[in-house]
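Student: Next up is a structure, given as structure tokens.
Number of protein chains: 2
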Amino acid sequence: MSRDKNLELSAPVASTPSRRVNQGPVMPIGGGEEKDGDGGKEVLQRFLDLAGGKQARIVVVPTASETPEEMSQPYIDVFSELGAKSVEVLDVRERQDANSDACVQLLEGATGIFITGGAQSRLVALLAGTLAMECIRLRNADGVVVAGTSAGASIVASHLMSGGTGLAGNSGSAAARKGMVELVAGFGLLQDIIVDQHFSQRGRMGRLLSVYAANPGLLSIGLDEDTAVVIDREGILEVLGSGMVTIVNGRNATSDYYERDVGEVLTVVDSHLFVLGPGRRFNLNTRRPIMT
Amino acid sequence: MSRDKNLELSAPVASTPSRRVNQGPVMPIGGGEEKDGDGGKEVLQRFLDLAGGKQARIVVVPTASETPEEMSQPYIDVFSELGAKSVEVLDVRERQDANSDACVQLLEGATGIFITGGAQSRLVALLAGTLAMECIRLRNADGVVVAGTSAGASIVASHLMSGGTGLAGNSGSAAARKGMVELVAGFGLLQDIIVDQHFSQRGRMGRLLSVYAANPGLLSIGLDEDTAVVIDREGILEVLGSGMVTIVNGRNATSDYYERDVGEVLTVVDSHLFVLGPGRRFNLNTRRPIMT
């Protein structure tokens, strides 16, 4: 009887395959990942391993860049050198290209999808809501690894930041100011998460807190350059590369966001801060590090 | 009887004036404070007000700079323009100068002491442990305001960071690495505190955490440019200027500092993060914001 009950309880999980059951790894990279040098390339090697190693059929998505050939070439070179079976490039110059059969067929054959850097706004404008995006989602739901670097790292999450420059621009822009960024919908491979990149290098804590003050349920992940996280289907995050990963959990934080005017500096207190070095793991469900 | 007891208990406070009883304000500034423009200058105006306004006798300490005349002149100009009674410059080219009667007399007449930016190492090498430093301490203990900007902001605390570049140098330096900075003794006007400056602008969270991982009892204050804190004798901090102040409390944090080798990226979990906008206050004794 109790055995039957157990079966009954577990049945929905077995018979209703949610995306999570088979979801492939998602791998946001902070930009500036090592592409040559001895023993570097740890981040890209891991991506290739997750894509099937010698059997990997990689599709590079350089749509964030205005010069997609130049942006793709180093990745074609490094994945070929590391032994991928094939490396092809998704060619989307206009939004309608992203609804073409050619795009869908290319992505359907991929065992690993790699989204390059460039401008986040291009990824949103040219890919969000297209068949190509839907295909990337479905492939990931089927177990295929999806990685993105720099702008490509931000687009994989449910939300990304639009506007705001971190350090670029005048010095005051580094502070958390109301309205300095807006949230935009990403590809949604990671729920309740915002990913920012070039994080320490570009002094982006202020930018991150400015959006997060208004959306305290989100978990923020700041990736340094040449640093990545691999997130598996259980929601376990692992740090790779040479830098650190900054995680800010704001579930218990409070801010004055709704009392401030646009442009004013925000106050955000009682955030929980985690800085993780290479090899460290973090449980995104419990929002706690796994210190073993 | 109980009244006598109360008197007895309060007697030591009254008869043993600790530094804290009369300590003047301490005012670390994140560098790049506004010196002209309409309605800017809030930070420098507050310093002047605390120094006595029209009665202020300011001493500028440009010892951090290799070109002290050039460094002093903008402060002479702005404090004169704001109406200070006098603005004089402490002239220390070599360490022995800082033990001279002239230096001591100049500082003894000051109602406000302003330490400029430059290289922290020069402040340590030329002033730490000299009569001039002791005189700055005593003046502050007597109620005189002491402000410092950039390198001058770091020197006023009990400890400061030596080495480590934040963003400058290679990208990896932005991560928290063991041994990237060392602690050096500062002037000690603020206990158990490290002050860093140009904080968001130079991406210095990693640098700060690297020292703090080994010294979790310290409270870290990161000041943005054109942003200052005024700390009064009760240990109440108030934010001034145009940017944000980042406070990290590590009393409950844990790190792998003592398991890591020099140069390795550190992991620091469960830090408590506060980001405060202009006008906000924070109690350094309880390590809690004052949200009124």
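Order-wise, the sequence lines are chains A and B.
In terms of the working numbering, the first sequence has 236 at position 236, counting the first letter as 1, and numbering is strictly consecutive.
In terms of the working numbering, the second sequence has 1157 at position 157, counting the first letter as 1, and numbering is strictly consecutive.
We put the CB at the ideal spot given by N, CA and C, even for glycine.
What you are looking at is a predicted structure, and each value in this text was computed from that prediction instead of being measured.
Please state the DSSP three-state secondary structure of B:Asp1049.
Tutor: helix
Student: If I follow the unbroken beta strand (DSSP E) through A:Arg288, where does it start and stop?
Tutor: 288-290
Student: At 7 Å on the CB atoms, spell out the chain B contacts of A:Ser271, in chain order.
Tutor: Leu1273
Student: Which whole runs of the beta strand (DSSP E) in the segment 229-259 of chain A are 3 residues long or more, in chain order?
Tutor: 236-241, 245-249
Student: Counting pairs of Cβ atoms below 8 Å between the segment 1027-1047 of chain B and the segment 274-283 of chain A, do you hit three or more?
Tutor: no
Student: How about B:Thr1116 and B:Val1184: do their beta carbons lie closer than 9 Å?
Tutor: no
Student: Alpha carbons only, please: which of A:Ala253, A:Phe187, A:Val146 is nearest the one belonging to A:Asp49?
Tutor: The option with the nearest alpha carbon to A:Asp49 is A:Val146.
Student: For B:Met1291, would you say it is in contact with chain A, using Cβ-to-Cβ distances shorter than 9 Å as the test?
Tutor: For B:Met1291, the nearest beta carbon of chain A is closer than 9 Å to its own beta carbon.
Student: What does a CB cutoff of less than 7 Å around B:Ala1051 pick up in its chain, not counting 5 residues either side in sequence?
Tutor: Ile1058, Thr1111, Gly1112, Val1145
Student: Could you check whether the Cβ of A:Asp224 sits closer than 9 Å to any Cβ belonging to chain B?
Tutor: yes
Student: Could you work out which residues of chain A lie near B:Arg1280, taking near to mean beta carbons separated by less than 7 Å?
Tutor: Neighbours of B:Arg1280 in chain A, taken as residues at a C-beta separation under 7 Å, are given in chain order as Thr267.
Student: Express the C-alpha separation of A:Gly241 and A:Gln96 in angstroms, rounding to a whole number.
Tutor: Whole-angstrom Cα-Cα distance: 36 Å.
Student: Give the list of continuous alpha helix (DSSP H) stretches no shorter than 4 residues that lie fully inside the segment 137-220 of chain A.
Tutor: Listed in chain order, they are 151-155, 205-212.
Student: With a Cβ-Cβ cutoff of 9 Å, do A:Leu237 and A:Asn283 count as a contact?
Tutor: yes
Student: I want to verify the contact list: residues of chain A whose CB lies under 7 Å from the CB of B:Val1061, in sequence order.
Tutor: Simply none; closest approach about 24 Å.
Student: Applying a beta-carbon distance threshold of less than 8 Å, which residues of chain A neighbour B:Val1248?
Tutor: Leu273
Student: Under 9 Å, Cβ to Cβ, is there at least one residue of chain B near A:Met1?
Tutor: The predicted model places A:Met1 with a pLDDT of 34, which falls under 50 and marks its position as unreliable, so this point remains unresolved.
Student: How close, in whole Å, do the beta carbons of A:Val43 and A:Ala228 come, if the pair is a contact with beta carbons under 8 Å?
Tutor: Contact holds; Cβ gap of about 5 Å.
Student: Give me the Cα-Cα distance between A:Val26 and A:Ile231, rounded to the nearest whole angstrom.
Tutor: 5 Å
Student: Measure from the alpha carbon of A:His159 to the alpha carbon of each residue in A:Ile290, A:Glu70, A:Glu182, then state which is nearest.
Tutor: A:Glu182
Student: What separation, rounded to the nearest whole angstrom, lies between the Cα atoms of B:Asn1252 and A:Leu223?
Tutor: Rounded to the nearest angstrom, the two C-alpha atoms are 24 Å apart.
Student: What is the DSSP secondary structure of B:Glu1088, reduced to helix, strand or coil?
Tutor: The DSSP-derived three-state label of B:Glu1088 is strand.
Student: Of all the options A:Thr267, A:Ser220, A:Ser200, which has the alpha carbon lying nearest to the alpha carbon of A:Val293?
Tutor: Past the boundaries of the shown model lies residue 293 of chain A; chain A is included only from 1 to 292, so the question cannot be answered.
Student: DSSP puts B:Leu1223 in a beta bridge; with which residues?
Tutor: B:Val1245
Student: Have a look at B:Val1269, B:Leu1138, B:Ile1029 and flag the residue whose alpha-carbon is nearest the alpha-carbon of B:Ala1214.
Tutor: B:Val1269
Student: Can a CB atom of chain A be found closer than 9 Å to the CB of B:Thr1227?
Tutor: yes
Student: Could you round the C-beta distance between A:Met133 and A:Val211 to whole angstroms and report it? I think they count as a contact, below 8 Å.
Tutor: A:Met133 to A:Val211, Cβ: 22 Å. No contact.
Student: By the 10 Å Cβ neighbour count, where 16 or more other Cβ atoms means buried, how is B:Gly1169 classified, buried or exposed?
Tutor: The pLDDT assigned to B:Gly1169 is 39, lower than 50, so where the model puts this residue is not dependable, and the model offers no usable value.
Student: Counting only beta-carbon separations shorter than 9 Å, does B:Met1180 have a partner in chain A?
Tutor: no
Student: Quick one: is A:Glu225 buried, meaning 16 or more other Cβ sit within 10 Å of its Cβ, or exposed?
Tutor: buried
Student: Which chain A residues sit within Cβ distance under 9 Å of B:Met1133?
Tutor: Within chain A, no residue comes near B:Met1133; the closest Cβ sits about 30 Å away, beyond 9 Å.
Student: Going by Cα to Cα distance, which pick from A:Gly188, A:Gln191, A:Ala174, A:Met180 is closest to A:Ser200?
Tutor: Checked all of A:Gly188, A:Gln191, A:Ala174, A:Met180; the closest Cα to A:Ser200 is A:Ala174.
Student: Does the CB of A:Asp261 have a neighbour CB from chain B at under 9 Å?
Tutor: no
Student: Is it buried or exposed for A:Asp101, if we count other Cβ within 10 angstroms and need 16 for buried?
Tutor: exposed
Student: Counting only Cβ pairs nearer than 9 Å, list the residues of chain A close to B:Glu1264.
Tutor: Per Cβ cutoff of 9 Å: Gly277, Pro278.
Student: Taking a contact to mean a Cβ-Cβ separation below 9 Å, would you say B:Ile1155 touches B:Ala1064 in this structure?
Tutor: yes
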